[in-house]
Structures are given as structure tokens and as C-alpha cells.
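Under our numbering, the residues of the sequence shown are numbered 2 to 292, in order. The C-beta atom is built at its ideal place from N, Cα and C for all residues, glycine as well. All figures in this text were calculated on a predicted structure; none of them were measured in a lab.
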Amino acid sequence: MPDTEMKTPHFDHVLIVGLGLIGGALAYRIRDIFPDTKLYALARRQETVDEAMASGLFEQATTRLSDITAPIDLAIICVPIPQVVPMVEAVSAHFTHPMVITDVASVKEKLIAELDKRKIREDHTVIWGHPMAGSEKTGFANAKAVSVEKRPYIVVPIKDSRFEHFVKWIADLGFQPARMFAADHDRLVAVMSHVPYIRNTLYTENVARSEDAEEICKTAGPGFFETIRRAGSDPDWGVQIAQYNSENILKSLEALHQRDALLIQIIKEKNWDALEAMLKTAKSFKDASPA
2 MPDTEMKTPH FDHVLIVGLG LIGGALAYRI RDIFPDTKLY ALARRQETVD
52 EAMASGLFEQ ATTRLSDITA PIDLAIICVP IPQVVPMVEA VSAHFTHPMV
102 ITDVASVKEK LIAELDKRKI REDHTVIWGH PMAGSEKTGF ANAKAVSVEK
152 RPYIVVPIKD SRFEHFVKWI ADLGFQPARM FAADHDRLVA VMSHVPYIRN
202 TLYTENVARS EDAEEICKTA GPGFFETIRR AGSDPDWGVQ IAQYNSENIL
252 KSLEALHQRD ALLIQIIKEK NWDALEAMLK TAKSFKDASP A
């Protein structure tokens, strides 16, 4: 039995749509904290369905939404970014009773604008959310290892009584809820997640193209492999964030481009005091950060 406090469930029947890393991690956490909650899963591939049922977490797993007839009161959409809005619409069309629908995507503004053009039942509350947990690995098979304890869970605030109910639920799961408007979320996530991934991947791609790539991999220490770790994330996700959060990503990249130019100038001019000041600023920020 996991070393976690059992709590009264806020939702009795939870559907997880998309059993990748985050969907799977949420399923494991819900089972740990709310053992009486009945879990259901919708996956794209039959192999994932079989894996889900073998885990013992789910009452039902299927590849067809029409198969799910349980009285779902919370649906968590954990699909790739371009599929989020169509899936929210499909879930809302399928279930005819009041419920909450939420997502886990790392972009919000464009999805909210797109959903505004779609038809959602009036008794269905859509809450936009983003758990700040995960890793560069993918798939349900890696989900159990994902830690969610005390991780931030960003939610876009709305005026609906079920919003506070949902926030209490994610807090009881062990997350730290953070209320944030969609525009602020996308701007900050570009800096916290999207651009670090893109820059890291660019560095890794540059090493991979070099004539020394093979020798580097043979002789590098753990610091190098920790540096390129994020390049192991799904490239499809990388393209999607660039498409859906391009404005914020470009602003951050342009700011970094200016710092790159300054760094080149500092080294060319052998201005070691300026370089040290730059490095000290970065180290102070890192030392003061909670992680």
C-alpha cells in the first residue's frame, strides 16, 4: 500500500482519454489517493488498452468512446495538442449528464479560442489545466515512475462552482494548484518548458551533426547526458508547441539570441569580468530556486 493518506473521492467515475505518460501517471495517483474512484480509459491503440487492463487500475479500457456507458463525472483529456478540442467536443456529445471535462495540454489560449467555436453542453464544465509533471520519456509503460507530489498544477480560473471542487481534488492528489490566466500560462510555459526543450534539442542536434559525435558519446561524462536528456522528448510534441505557442516562443528565443550575441562579444573581447558576472547571476538564480 503506498505511503499516502486516503481521502474521500471528489469524483466517483473518472475517464482518462489518452493513456500516455501523463494520463497514466494521473491514473496511478488517483488509484493511490482515491482507491474507491472507478477509473476508465480511452486509448488509440488496442495494445495500450491491453496494457491498461493488465495494470489493474481500470474498470474498463477501450478504443471506442461509444463503449463507455458509466456515469462519468470527470473526463481528463490527455491527447496531443491538436486533438484536445475535438476530443472535448466528442466527450461532451457522448455524455448527457452533468460533468467536468479538463485537459493537461501545455498551451491554452489557442485551444480556448478554438473551443469557443464548438458546441459543448451547458451542463458540462470545461476546466483548462496543466500538471507540471512528466519526463522526456513517453507512454503508459513509463507512467508509474512519474512523481506528482507537490508539483504545480496550473488551472485557468473560471466562474463555476465546480471549479473550486476540481481545485480541491487536485490539491488532495498532492499537487500544488496554481491559478493562472491562459495568456500568462502560455507566456510562462514558453520560458519554463517550451524554449528550454527547443534550445536543448538544437544543441543536441548540433552535436549529432558534428564529426566528433561518436567520440563525444563514448567519452562524455554524466553532465553531458543530463544536458541532452530533454532532447529525448517526443518530436511531435515539439512541433505542436511551436505551432500553438509560436508568439511566446519567438519572443523568448529572440531575447536569448540577444544574450547569445552578447556572450560571443564578451568572449571575443576577453572580458572575463563580464563573463563572470553573467555566470554568477545564473548560479545565484539556480541556487535560490526550489529544485
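Item to check | Continuous beta strand (DSSP E) assignments of at least 3 residues falling wholly in the stretch 111-167 | outcome: As far as the stretch 111-167 is concerned, its whole beta strand (DSSP E) runs of at least 3 residues are 125-128, 130-132, 153-156.
Checklist entry - Just checking, does the stretch 63-73 make contact with the stretch 94-106 on the three C-beta pairs under 8 Å criterion? => result Verdict: yes, contact present.
Checklist entry - Could one say the Cβ of residue 213 lies closer than 8 Å to chain B's Cβ atoms, at least one of them? => result No chain B appears in this structure, which consists of one protein chain only.
Next on the checklist: I'd like the ranges of any alpha helix (DSSP H) spanning at least 4 consecutive residues and lying wholly in the stretch 33-62.
Outcome noted: Complete alpha helix (DSSP H) runs here, min 4: 47-56.
Checklist entry - Taking contact to mean at least 3 C-beta pairs separated by less than 8 Å, is the stretch 20-34 in contact with the stretch 46-59? => result Taking 8 Å as the limit for Cβ pairs, the verdict is that the stretch 46-59 does touch the stretch 20-34.
Next on the checklist: Report the CB separation of residue 156 from residue 168 in whole angstroms; it is logged as a contact under 8 Å.
Outcome noted: Residue mapping note: residue 156 aligns to position 155 of the sequence shown, counting from 1. Residue mapping note: residue 168 aligns to position 167 of the sequence shown, counting from 1. Rounded, the Cβ-Cβ distance is 6 Å, consistent with contact.
Checklist entry - What three-state label does DSSP hand residue 104 in the structure shown? => result To locate residue 104, count along the sequence shown from 1; it is residue 103. DSSP places residue 104 in strand when its eight states are reduced to three.
Checklist entry - Under three-state DSSP, which class holds residue 5? => result Counting from 1 along the sequence shown, the entry for residue 5 is found at position 4. Bear in mind that the predicted position of residue 5 carries a pLDDT of just 47, short of 50, making it too unreliable to give a figure here.
Item to check | Euclidean distance between Cα positions of residue 158 and residue 180 | outcome: On the sequence shown, residue 158 is found 157 positions in, with the first residue counted as 1. On the sequence shown, residue 180 is found 179 positions in, with the first residue counted as 1. Distance between the alpha carbons of residue 158 and residue 180: 6 Å.
Checklist entry - What did DSSP end up calling residue 180 once you bin it into helix, strand or coil? => result Within the sequence shown, numbered from 1, the residue matching residue 180 stands at position 179. Correct three-state label for residue 180: strand.
Checklist entry - Per DSSP, residue 171 is paired with what? => result Counting from 1 along the sequence shown, the entry for residue 171 is found at position 170. Residue 171 is not bridged to any residue.
Checklist entry - Quick one: what does DSSP say residue 217 is sitting in, helix, strand or coil? => result Working through the sequence shown from its first residue, we reach residue 217 at position 216. Three-state result, residue 217: helix.
Checklist entry - With distances taken between CB atoms, is the gap from residue 44 to residue 66 smaller than 8 Å? => result Counted from its first residue, the sequence shown places residue 44 at position 43. Counted from its first residue, the sequence shown places residue 66 at position 65. For residue 44 and residue 66, no; Cβs fall outside 8 Å.
Checklist entry - Mapping DSSP to helix, strand and coil, what is residue 71? => result Locating residue 71 in the sequence shown gives position 70, where the first residue counts as 1. Secondary structure of residue 71 (DSSP, three-state): coil.
Next on the checklist: Helix, strand or coil for residue 98? Go by DSSP, reduced to three states.
Outcome noted: Residue 98 sits at position 97 when you count from the first residue of the sequence shown. The answer is coil: DSSP assigns residue 98 none of H, G, I, E or B.
Checklist entry - On the three-state DSSP scale, how would you describe residue 229? => result Working through the sequence shown from its first residue, we reach residue 229 at position 228. Coil.
Checklist entry - Quick one: what's residue 16 bridged to in DSSP? => result Mapped onto the sequence shown, residue 16 falls at position 15. Answer by DSSP bridge pairing, in chain order: 41, 76.
Checklist entry - Going straight from the alpha carbon of residue 286 to that of residue 200, what length do you get? => result Position 285 of the sequence shown holds residue 286. Position 199 of the sequence shown holds residue 200. Residue 286 and residue 200 have their C-alpha atoms spaced approximately 19 Å apart.
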